[in-house]
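Quick notes on the structure that follows.
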Amino acid sequence: MQPPSGIGETFRRAREARRLSLADVERLTKIRGAYLAALEEERFDALPPHPYSKGFVRAYARLLGLDADRLVAEFEAQLPPALAPGLSRAVEIPLEPAAPVPRWRRFLTYAVWVILVLALYAGYVGYTQLREFARPVPAGTPAASPGSLSTPTAAPGATPAPAESPAPPTVGVTVALTTTGKSWVRVTADGERVFQGILDAGAARTWSAERELTIRIGNAAAVELTVNGQSLGPLGGPGKVVELRFPQPQEEP
Numbered sequence: 001m002q003p004p005s006g007i008g009e010t011f012r013r014a015r016e017a018r019r020l021s022l023a024d025v026e027r028l029t030k031i032r033g034a035y036l037a038a039l040e041e042e043r044f045d046a047l048p049p050h051p052y053s054k055g056f057v058r059a060y061a062r063l064l065g066l067d068a069d070r071l072v073a074e075f076e077a078q079l080p081p082a083l084a085p086g087l088s089r090a091v092e093i094p095l096e097p098a099a100p101v102p103r104w105r106r107f108l109t110y111a112v113w114v115i116l117v118l119a120l121y122a123g124y125v126g127y128t129q130l131r132e133f134a135r136p137v138p139a140g141t142p143a144a145s146p147g148s149l150s151t152p153t154a155a156p157g158a159t160p161a162p163a164e165s166p167a168p169p170t171v172g173v174t175v176a177l178t179t180t181g182k183s184w185v186r187v188t189a190d191g192e193r194v195f196q197g198i199l200d201a202g203a204a205r206t207w208s209a210e211r212e213l214t215i216r217i218g219n220a221a222a223v224e225l226t227v228n229g230q231s232l233g234p235l236g237g238p239g240k241v242v243e244l245r246f247p248q249p250q251e252e253p
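The sequence shown begins at 1 in the working numbering and counts up one residue at a time.
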């Protein structure tokens with residue numbers, strides 16, 4: 001009569017009956033092949049600490065359709081005294097080394113930072129230049145006040161040039177808006193909302209009203225306003241919400 005086989009032989013026979021290799025079992029149970037071989041060969045000293053080994057036995061038995069509780073009990077009964085539960089031993093469990101960071105990824109991170117710094121600098125320079133360019137250019141020589149006009153003496157034989165008609169006075173208010181960054185804007189002209197939305201950097205818009213024009217801005221630092229040809233300068237800091245109202249300018253008597 002043959003002596004009863006151990007759990008190692010039980011595992012091996014059940015695995016071969018299902019035509020599974022150790023590699024198949026490793027793939028299905030996620031248990032390393034070296035540990036599976038140690039179980040079948042009953043080299044229990046090559047297994048990790050008892051709680052892990054016990055879990056390996058249970059998972060292997062369930063995969064093969066065996067009685068997991070019985071095999072766990074047999075496994076614990078077959079353990080040498082030095083490896084029995086309650087006793088500790090030093091077992092070196094190999095750890096996967098941390099994958100080194102590729103050089104290209106480090107270079108990409110550095111390049112992103114450089115591009116970000118350059119973009120911030122370019123935005124600052126562009127904002128400064130835009131403020132300079134947005135300053136109103138004099139439309140022409142202002143008209144002289146009454147009493148300061150001198151009547152030129154026409155040269156003999158010269159035909160006097162016809163006098164130019166004076167330009168009609170400006171009526172209402174005109175506001176030109178340019179952006180150096182993204183900002184939410186709402187514009188109301190003479191009580192009617194004519195625009196509401198988000199403008200990206202580099203946008204330029206102009207609105208006019210006969211009586212009153214109101215502008216509400218969500219990012220004051222990103223907006224430059226020119227009212228009837230006169231720049232208002234800085235409106236506020238980043239993220240500051242401002243609302244400006246421009247009534248019809250009073251006509252001179």
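We put the CB at the ideal spot given by N, CA and C, even for glycine.
Problem set entry | Pair within 8 angstroms by beta-carbon distance, A189 and A209 | The residue labelled residue 189 in the question sits at position 189 within the sequence shown. The residue labelled residue 209 in the question sits at position 209 within the sequence shown. Yes, the pair counts as a contact, with Cβ atoms nearer than the cut-off.
Exercise. How would you write the range of the alpha helix (DSSP H) that I215 sits in, first residue to last?
Worked result: What you label residue 215 is simply residue 215 of the sequence shown in a count that begins at 1. Where I215 is concerned, there is no enclosing alpha helix (DSSP H), although the beta strand (DSSP E) it sits in stretches over E212 to I217.
Exercise. Under a three-way DSSP split, which group does T109 fall into?
Worked result: On the sequence shown, residue 109 is found 109 positions in, with the first residue counted as 1. It is helical.
For this session: Could you pull out every residue in the same chain whose Cβ sits closer than 6 angstroms to the Cβ of R205, ignoring the five residues on either side in sequence?
Result: Sequence index remark: in the sequence shown, residue 205 carries index 205 (1-based). Only L177 meet the Cβ criterion.
Exercise. Just curious, the alpha helix (DSSP H) that G305 is in, first and last residue?
Worked result: Nothing about residue 305 can be read from this structure; the chain reaches only from 1 to 253.
For this session: Give the straight-line distance between the Cα atoms of A90 and A111, rounded to the nearest whole angstrom.
Result: Numbered from its first residue, the sequence shown carries residue 90 at position 90. Numbered from its first residue, the sequence shown carries residue 111 at position 111. In this predicted model, A90 has a pLDDT of only 41, less than 50, meaning its place in the structure is not dependable; the value taken from the coordinates is given anyway. Their backbone Cα atoms lie some 47 angstroms apart in a straight line.
For this session: Pull up the CB-CB distance for E192 and P247, whole angstroms please, since I reckon it's below 8 angstroms.
Result: Locating residue 192 in the sequence shown gives position 192, counting from the first residue. Locating residue 247 in the sequence shown gives position 247, counting from the first residue. The Cβ separation is near 16 angstroms, so there is no contact.
Exercise. Where G181 and Y52 are concerned, what is the direct C-alpha to C-alpha distance, given to the nearest angstrom?
Worked result: What you label residue 181 is simply residue 181 of the sequence shown in a count that begins at 1. What you label residue 52 is simply residue 52 of the sequence shown in a count that begins at 1. Approximately 59 angstroms, taken between the alpha carbons.
Exercise. To which residues does DSSP link S183 through a beta bridge?
Worked result: Sequence index remark: in the sequence shown, residue 183 carries index 183 (1-based). DSSP, once it has assigned bridges, lists L199 as partnering S183.
Exercise. Between V185, D200 and I7, which lies nearest to V194 when the distance is taken from Cα to Cα?
Worked result: One-based indexing of the sequence shown puts residue 194 at position 194. When each option's Cα is compared against that of V194, the closest is V185.
Problem set entry | Cα-Cα separation, G236 to R216 | On the sequence shown, residue 236 is found 236 positions in, with the first residue counted as 1. On the sequence shown, residue 216 is found 216 positions in, with the first residue counted as 1. The C-alpha of R216 is placed about 12 angstroms away from the C-alpha of G236.
Exercise. Which residues in the same chain as E9 place their Cβ atom closer than 7 angstroms to its Cβ, once the five residues preceding and following it in sequence are excluded?
Worked result: Taking the first residue of the sequence shown as position 1, residue 9 is located at position 9. None.
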